[in-house]
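Accompanying notes for the structure given below.
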Amino acid sequence: MDLRYSGTMGMISEFAASELPKDYYANLLSEIKEINKKLNAFNVVNEGISSGFPFSVKDNICVKGFEATAGSRMLKGYIPPFNATAVERLLAKDYGFVGKTAMDEFGFGSFGINTDRIARNPFDTDRVAGGSSSGAAVATAILKYHVAMCESTGGSIANPAANCGVVGFTPTYGVISRYGLIDYSNSLDKIGFMARKAEDIRTVLDVVRGPDKRDTTSVDRQITGVKKSRLYIIKGTLEKVDKEVALSFSKFIDKLGSEGYEIKEVSVEDIEKSIPAYYIISMAEASTNLAKYNGYKYGLKNENFVEQYNDFFTEARANFGIEAKRRIILGTFVRSANVKGRYYYRALKIRAKIIERMSAILQDGFIISPTLPMKAPKLEEAQRLPPVKAYMSDFLNIPPNLGGFPHISFPFDYIDGLPIGAQIITSHFNDYALLDFASEWEKQFEYRFKYNLGSL
Ligand code: GLN
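If you read the sequence shown in our numbering, its first letter stands for residue 332, the second for the next number, and so on.
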């Protein structure tokens, strides 16, 4: 039987108002370890947790004293001696770190399969959890009282959140400090959250957001009071998603229409170029970020220092997975002197245009779409997808990420027992409007969960 709940109160306030049994955390840990054998949500659990509202941290965000692998063999054994700023800020309040969550290697992926530890979808363990924040989504879907800190570069929060039936929020670029995040693509990376209630994301966002002297791109800006009752659907969206998703999304839109939202279609010139632009920029940056992992100062150490220079590095860099290698090669190519005008600079121009065009639309409305074109695929289906097909499946999540626009995914339907997410995008620094929207929706829709570990 599915366990359900609804209402507007956040899980954080419910937890705070409850009396915890003495052995709450010990029981929680043993429940997590047991289910983890099946679902692979956590890479590491914190045996020392003894107080606070549980939060997990994606394995590419540093927590002092806990291995941070970013889902890669290359970082095996790396124990950060410091906390990421966002982690530090939660720990300074009443939050308890519960563990590090599984992910695609360095954030490269859309299905959680580009890593040794493949998280499973709690609604159907034959299916993917989504990616790259696979473990974060699974943890949120199985733990009753919990928020997940995670990262999105091109959709890695919205995508797994939709597949696992939880709320996934990606803030405006710069709103949450990236200090302590293991970089994938610095001009695109954002730290964000997943939770079972939008209200809980509001609570943690209040705690972690704002400037940090260790991240010069972090800012203290929010706009409020923008009332948006118009929902834009980008022309062509529904033709490109699976029929069953399009059908159920249309019903959802009709419902919103009957509740007073004005629904409009809009075209965004060159929106389809977001995908190539994103992958060019992100791979170019990733290839420079990964250059430091050569087993000498960073990356899995090859202690044989007497080896030939080339052999030494080749051996160390063999620890990268196939997708990381692909991105290093492509990323190095697109920024090489003779072709960078054709690829890298062109991609930057497209990004600027997309920002301009989407900003104009977002002035007076949200952009809405299904989060993903299909329900969570079977593991083997995802594994069989050729790389370019896998990249194309991100077409709804990439535009807001490319433009640094805040966006949120929340469940709006279940098809064959699998959750389906909707994504709304708003203008820069209007982050809280997304949480308002999702909270409104939660008043009338019951999110479903198969597990409620840590119930009180
Ligand atoms: N699927 C995208 C990629 O592989 C998104 C990854 C992310 O947001 N970290 O780049």
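Ideal Cβ positions, reconstructed from N, Cα and C, are used throughout, including at glycine. As the structure is a prediction and not an experimental result, all values here were calculated from the model.
Leaving aside the five residues that flank Ser700 on each side, the residues in its chain whose CB is nearer than 6 angstroms to its CB run, in chain order, Thr568, Leu727, Gln754. In the DSSP assignment, Gly662 falls within the alpha helix (DSSP H) that extends over 653-665. When C-beta atoms of the stretch 613-631 are compared with those of the stretch 395-408, three or more pairs fall below 8 angstroms, so the two segments count as touching. Here Leu733 carries a helix assignment [DSSP, helix/strand/coil]. For Lys586, the enclosing alpha helix (DSSP H) starts and ends at 574-589. In this structure the stretch 671-682 does not lie against the stretch 624-632, because fewer than three pairs of beta carbons, one per stretch, are closer than 8 angstroms. DSSP links Gln754 through a beta bridge to Ser700, Ser740. In this structure, Ala489 sits near Gly752, with a CB-CB distance shorter than 9 angstroms.
Fewer than three pairs of CB atoms, one per stretch, sit closer than 8 angstroms, so the stretch 557-565 makes no contact with the stretch 437-447. DSSP lists no beta-bridge partner residue for Arg677. Taking 4 residues as the minimum length, the alpha helix (DSSP H) runs contained wholly in the stretch 413-495 are 416-423, 465-473, 489-495, in order along the chain. Contact annotation: Asp425 and Phe384 have beta-carbon atoms nearer than 9 angstroms. Excluding five sequence positions before and after Glu596, the CB atoms of its chain that fall closer than 6 angstroms to its own CB belong to Ile564, Lys566, given in chain order. The Cβ neighbour count for Glu773, taken over all protein chains shown within 10 Å, is at least 16; the residue is labelled buried. Taking Pro542 as the centre and dropping the five residues before and after it, the same chain places the C-beta of Ser508, Ser549, Val550, Asp551 closer than 8 angstroms to its C-beta, in chain order. Residue pairing for Arg545: DSSP places it in no beta bridge. The stretch 664-676 makes no contact with the stretch 713-729: fewer than 3 CB pairs, one atom from each, lie closer than 8 angstroms. Secondary structure note for Val506: it is in no beta strand (DSSP E), with a DSSP letter that is neither H nor E.
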